[in-house]
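Read in order, the letters of the sequence shown correspond to residues 1 to 671 in UniProt numbering.
A short write-up of the structure that comes next.
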Amino acid sequence: VRVRVRVKVNSVDLMSEQSKQNRKEHHTDLYDGDDLILRRGQTFLMWLDLSRPFDPTTDKLHLELKTGAAPEVPKGTLAIIPLVDELQDDRWEAKIVKEEGDRVQLSVNSIPTAVIGIYRLSVVTSGQEAELTSIHQPADNIYMLFNPWCEDDAVFMDEEEERKEYVLNDIGRLYYGTEQQIGVRTWNFGQFSGGMLASCLFVLEKSGTPASGWGSPVNIVRVVSAMINSPDDAGVVEGNWSGDYSDGTSPAAWSGSVEILNNYHDGGGTPVRYGQCWVFSGVTTTVLRCLGIPTRSVTNFSSAHDTDVSLTTDVYLDESLDPLDSLNVDSIWNFHVWNDCWMSRPDLPPGMGGWQAVDATPQETSQGTFRCGPAPLTALRSGQVYLQHDCPFVFAEVNSDKIYWQRNLDGTFTQIHNEKHIVGHHISTKAVGSDERYDITHLYKQPEGSEEERIAVETASRYGSKPETYSAPSAEDVSVQVTLDGDGPLMGSDAELSITFTNGSSEQRSVFLHSQVAVMYYTGVHKATLRRDRTEVDLPPDSGESTCCPLWTLLYETYQGQLIDQAALMLTLSGRVSQTQQVLATQFSFRLKTPDLLIKVTTHSNKSIKMGKRIDSTQTCMHQQMYACTHTHTRTHPHTHICKPICTHIHTHTHTHTHTHVRRRRNLIGI
Ligand SMILES: [Ca+2]
Ligand SMILES: [Ca+2]
Ligand SMILES: [Ca+2]
1 VRVRVRVKVN SVDLMSEQSK QNRKEHHTDL YDGDDLILRR GQTFLMWLDL SRPFDPTTDK
61 LHLELKTGAA PEVPKGTLAI IPLVDELQDD RWEAKIVKEE GDRVQLSVNS IPTAVIGIYR
121 LSVVTSGQEA ELTSIHQPAD NIYMLFNPWC EDDAVFMDEE EERKEYVLND IGRLYYGTEQ
181 QIGVRTWNFG QFSGGMLASC LFVLEKSGTP ASGWGSPVNI VRVVSAMINS PDDAGVVEGN
241 WSGDYSDGTS PAAWSGSVEI LNNYHDGGGT PVRYGQCWVF SGVTTTVLRC LGIPTRSVTN
301 FSSAHDTDVS LTTDVYLDES LDPLDSLNVD SIWNFHVWND CWMSRPDLPP GMGGWQAVDA
361 TPQETSQGTF RCGPAPLTAL RSGQVYLQHD CPFVFAEVNS DKIYWQRNLD GTFTQIHNEK
421 HIVGHHISTK AVGSDERYDI THLYKQPEGS EEERIAVETA SRYGSKPETY SAPSAEDVSV
481 QVTLDGDGPL MGSDAELSIT FTNGSSEQRS VFLHSQVAVM YYTGVHKATL RRDRTEVDLP
541 PDSGESTCCP LWTLLYETYQ GQLIDQAALM LTLSGRVSQT QQVLATQFSF RLKTPDLLIK
601 VTTHSNKSIK MGKRIDSTQT CMHQQMYACT HTHTRTHPHT HICKPICTHI HTHTHTHTHT
661 HVRRRRNLIG I
């Protein structure tokens with residue numbers, strides 16, 4: 001009996017050329033050069049040239065990918081990738097998809113939470129005898145990036161036009177000037193230029209942070225926010241506001257990020273002179289788009305710099321109303337430029353995902369380091385500034401009151417004037433798919449002059465260094481609660497919730513209530529606001545158990561066009577009690593129950609026609625559900641699959657659809 005020779009890998013073809021399938025399917029074909037640049041949570045292909053044909057009954061083969069200084073499986077920096085018959089989502093796995101003589105082609109799946117950065121590949125083969133192991137290590141590295149096209153990635157972004165703008169557009173517009181005269185300049189982000197990816201990963205490396213944390217976009221933007229400015233860590237750009245730039249480049253002379261990042265990399269990490277806010281923001285956009293996090297530069301006009309976390313812009317005057325210069329350190333800038341980054345926030349309550357403010361200009365320290373964010377825009381808007389990170393600072397930039405304080409004879413100060421509409425105007429970014437200016441002020445703050453804006457300011461102030469700035473309510477005797485009746489609302493019908501007030505006082509109370517309902521992705525990312533209402537509710541004096549229960553209804557036709565696969569909704573209530581000025585605020589998230597009902601319906605043809613009309617707009621959802629139930633994951637991308645017969649109960653025709661990147665693995669039944 002002859003012992004079969006062990007199988008060895010002669011060479012690996014990563015199929016990494018710019019024009020090849022891997023790069024195109026991973027939306028990385030714009031990056032200069034022929035490295036294998038991948039996005040996580042998506043399969044990729046490679047050819048292995050073996051010493052002889054592969055025999056699955058006796059030969060063993062697996063891959064190993066390593067990143068960072070000390071790769072370890074529990075830290076996510078070492079991936080051991082077994083060969084399997086069928087790939088599963090959320091696992092590092094490989095599968096043979098083609099065999100040609102001595103060659104095999106593998107489809108390899110990465111997980112959607114993978115650490116980003118540079119990986120080194122090993123292909124390990126052996127026969128039945130473990131000691132006959134052979135390891136092949138190709139010279140080429142593999143680059144792994146975030147994946148806004150993958151719905152299980154924390155940076156998933158739904159709209160292709162938005163992904164094109166916020167990830168793939170390498171040119172943009174930065175706004176500056178004053179709110180009366182908004183200026184605009186073109187900025188070359190250049191994230192795909194030669195050497196940019198290496199320079200951006202060099203910035204991460206220089207941060208000295210462990211690679212094990214590089215799977216989290218929250219962490220990455222925090223690291224990048226610190227690293228783009230030079231204090232603390234010899235980061236990329238040195239700020240200079242002196243007017244003398246003779247030993248460097250004037251901040252106004254730059255027209256893009258490429259030269260700055262190249263200089264930083266070539267200089268081995270020497271800060272580049274000089275920048276101001278638009279430079280810090282432009283470079284931040286480059287680095288984050290390059291790494292795959294949807295990002296935009298944002299300009300705020302009349303932007304406050306609150307130096308004492310009071311969440312107010314303070315002007316101190318002496319007894320005779322002359323300014324006290326030594327105390328007047330808060331300031332209002334004509335404009336300030338920072339960034340918005342898109343991601344889910346699994347570390348925060350639902351609804352806080354979506355755009356996050358991130359600021360790389362060194363202004364104030366955050367946990368001892370010059371950095372700022374990510375601060376959820378939703379939290380800024382509602383005044384929930386206790387949520388991470390750095391919401392008080394950003395809130396003050398966009399919506400602090402300008403308060404004038406006069407010194408009393410005993411040295412204390414009294415508030416003598418409050419300008420509520422001075423700070424935060426025309427918050428601007430380049431529009432998606434055009435060079436127009438897009439005003440996003442409404443994402444950062446409630447309309448000036450509205451009661452919701454006042455509630456947000458007063459709520460925020462309570463978490464600052466001067467919580468007594470706004471008068472406290474004379475009593476806090478009203479409470480509000482939202483409840484769901486029975487099993488909760490069903491998809492395709494009106495959703496009804498009970499809002500219950502309790503008046504604990506012996507006097508009449510009335511509440512002016514604002515309500516807003518928004519659709520969320522299952523990740524807690526806000527998708528769209530569906531409806532806003534204002535109502536006044538009268539609460540009779542407490543009679544022991546007196547409650548008032550207005551029924552709140554969301555009509556089917558209101559949410560019909562906005563359905564997404566798991567249909568999570570968030571009701572936000574805020575209001576004020578007229579008699580006491582007490583602020584009431586609560587949020588309630590709920591889901592529309594989907595499919596049990598629909599599956600029963602499929603067996604009754606008469607009914608299904610009627611119901612079919614009703615569920616028209618849920619077709620996408622239904623497909624995904626069928627797909628989750630019946631489709632096995634061959635997942636060569638892109639592929640087409642035919643819906644199984646269950647689908648034809650709902651649609652009268654045979655239906656095919658193409659599935660390129662998105663994986664619907666979650667079982668949607670009975671949520
Ligand atoms: Ca720094
Ligand atoms: Ca202040
Ligand atoms: Ca205001």
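Built from N, CA and C at the ideal position, the CB exists for glycine as well.
Given the structure is predicted, the values throughout are model-derived calculations rather than measurements.
Check	Outcome
beta-carbon T307 near ligand 2 non-hydrogen atom, thresh 7 Å	yes
Assigned secondary structure, residue 672 (DSSP; H/G/I helix, E/B strand, else coil)	No answer is possible for residue 672: it lies beyond the span of the chain, which begins at 1 and ends at 671.
DSSP state of I228 mapped onto helix, strand, coil	coil
Neighbourhood of D533 by C-beta distance below 7 Å, restricted to the same chain and skipping five residues each side	S515
I135 classed as buried or exposed, judged by whether at least 16 other C-beta atoms fall within 10 angstroms	exposed
Cβ-Cβ separation, V167 to R40 (assumed contact under 8 Å), whole Å	Not quite, the Cβ-Cβ distance comes to about 14 Å (not below 8 Å), so this is no contact.
The segment 143-151 contacting the segment 23-39, beta-carbon criterion three pairs below 8 Å	yes
heavy atom of ligand 2 below 7 Å from D542 C-beta	no
Simplified DSSP assignment, three categories, for E364	coil
Residue environment, M157, which counts as buried when at least 16 other CB atoms sit within 10 Å	buried
Inter-residue spacing [alpha-carbon to alpha-carbon] between Y438 and V73	44 Å
Rounded Cβ spacing between I220 and L106 (contact assumed at less than 8 Å)	The Cβ separation is near 29 Å, so there is no contact.
Nearest-angstrom Cα separation, counted from V583 out to I455	7 Å
Which of helix, strand or coil DSSP assigns to I455	helix
Same chain only: Cβ atoms within 8 Å of T523, ignoring 5 sequence neighbours per side	A154, F156, S344, P346, G353
Residues that I332 bridges to, as DSSP identifies them	A304
Complete beta strand (DSSP E) runs within the segment 373-410 (minimum length 3 residues, chain order)	401-407
N188 - partner residues in DSSP beta bridges	I171, G256
beta-carbon T365 near ligand 2 non-hydrogen atom, thresh 7 Å	no
R23: first and last residue of the uninterrupted alpha helix (DSSP H) it sits in	21-25
Under 8 Å between C-beta atoms of V236 and P271	yes
According to DSSP, residues forming a beta bridge with F413	R407
Contact under 8 Å by Cβ, K402 with V423	yes
L163 (DSSP reduced to helix, strand or coil)	The question names Leu, but residue 163 in the sequence shown is Arg. Here R163 sits in helix by DSSP.
Which listed residue (N300, E319, D330, G351) has its alpha carbon closest to that of T307	D330
Spatial distance of L174 from E476 (CA atoms)	46 Å
The segment 268-282 contacting the segment 177-184, beta-carbon criterion three pairs below 8 Å	no
Spatial neighbours of E536 in its chain, beta-carbon cut-off 8 Å, leaving aside the 5 residues before and after	S510, V511, F512, L513
Where W338 falls: helix, strand or coil (DSSP)	strand
Reduced DSSP category for M196 - H, G, I as helix; E, B as strand; rest coil	helix
Beta-carbon proximity check, A94 vs I81, cutoff 8 Å	yes
Residue of V478, M491, T586 minimising C-alpha distance to S578	V478
Neighbouring residues (CB closer than 7 Å to any heavy atom of ligand 3)	N399, D401, K420, H421, V423, G424, K445, E448, E453, V457
Own chain partners of D32 with C-beta closer than 7 Å, once the 5 adjacent residues on each side are dropped	F192, S193, G194
Nearest residue (CA-CA) to P349, options E25, K593, G68, T586	T586
Selected residue, minimal CA-CA separation from K66, among D59, G76, S498	G76
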